[in-house]
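Working notes for the structure below.
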Amino acid sequence: MKKFVRLFCLFFIFFSIMACNKDVKTFTYVNFSILFDETQERLNNTGDPASIPAGYAAQTPEMKFMSVYHIELSPDEFTPFKGGQIVYKAPETKDGGSLSIDHDSSVITSEGLVFYTFNISKLAPGTYNYLRVGVAYQEFEVLFNLLNIPSVGNIYDQTGTVASFIGYRTYIRNLTIKNLNTDIFADKEQGFWGIETALTAPNDIYNTIYTGQSPAGTTTVVNPIASTSPLPPGTCIVTGKFATPLVIAGNESEDADQSDLTLSFSFSTNQSFEWVDTNTNGQWDVDAVNPALTEQVIDMGLRGMIPFWEFE
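With this note's numbering applied, the sequence shown covers 1098 to 1409.
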């Protein structure tokens, strides 16, 4: 009899655990991922098609990584910035003196990976037509010429890796781009960049990191609803409209069979790296000795965003 009772208890515990496991997923997650598209239309600040201005040159970088500092769902074009549903905010710090994005604590992701997840029950019911994403950091490869290398001269058609900081302000400690690093330990305003060279032997001994700063206000931040929902200067809150509005009923988490919601944002990298082409050769020229002779990087802003969602 005791054996039967013990056996019954074991079966009861086992099936109770199995039942609990079966019901564990009684809610839906919202997943976020990033995409890059070099064929997507190249837009200006107000969302209109943009060409390369005279005296400038641009190239389409090969994107590697990105981090964001703000994600917000907005009901309509009249919703003010920060008046929508803010679902993500990156860590900030005052270590450099001013409130800044904390680069060391940021989540750096690559294309197609889920970099942030939260429970859909935290998302307020409603209809959302717009997505706003604050871009903090990009890492990408570009082509360039390295000029005036001591004892070497000029080396053309090189590939380098750029660390691009386009958020409102970023505190950077030790900047590691790919294989090399350099101490910064300071706040850097929107438009700060560093490029790590990748010279091959015998010139690899000259590999280093060069840094620079684009002028204030030159970073493109696409906002097609700027006339009704403007953004503060210096932010990098890229705004895009869903092709189909996202409707949250509020009961999604009660459906155990409901699939997860994935929100993806496709950024236009179409000629998004732009500089002043002082010698009109259409190539970015970096001076190895005198930073003042390096062609000025003007714009590293993404050229538009298409957000979309799906239950999967």
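C-beta atoms are modelled at their ideal positions from N, C-alpha and C, and glycine is treated no differently. Small disclaimer: the values here were computed from a predicted structure and weren't measured.
DSSP, reduced to helix, strand and coil, places Ala1151 outside both helices and strands of the structure shown, so it counts as coil.
When DSSP states are grouped into helix, strand and coil, Ser1248 belongs to the coil group. In the structure shown, the three-state DSSP call for Asn1141 is coil. Residue range Tyr1126 to Asp1134 is occupied by the beta strand (DSSP E) that includes Asp1134.
Within its own chain, the residues whose Cβ lies closer than 6 Å to the Cβ of Ser1363, once the five positions on either side in sequence are excluded, are Leu1132, Asp1134 and Ile1403, listed in chain order. Membership of Ile1274 in any beta strand (DSSP E) is not indicated, and neither H nor E is assigned to it by DSSP. In the DSSP assignment, Gly1209 forms no beta bridge with any residue. As computed with DSSP, Gln1255 is found in a beta bridge with Phe1241. Thr1143 sits close to Ala1323, with the two beta carbons spaced by under 8 Å. CA-to-CA, the gap between Met1397 and Ser1356 works out to about 36 Å. For Tyr1234, the three-state secondary structure derived from DSSP is strand.
Counting the other Cβ atoms within 10 Å of the Cβ of Ser1195 gives fewer than 16, which makes it exposed. Comparing C-alpha distances from Thr1279 to each of Lys1285, Thr1305 and Phe1289 shows the shortest one belongs to Thr1305.
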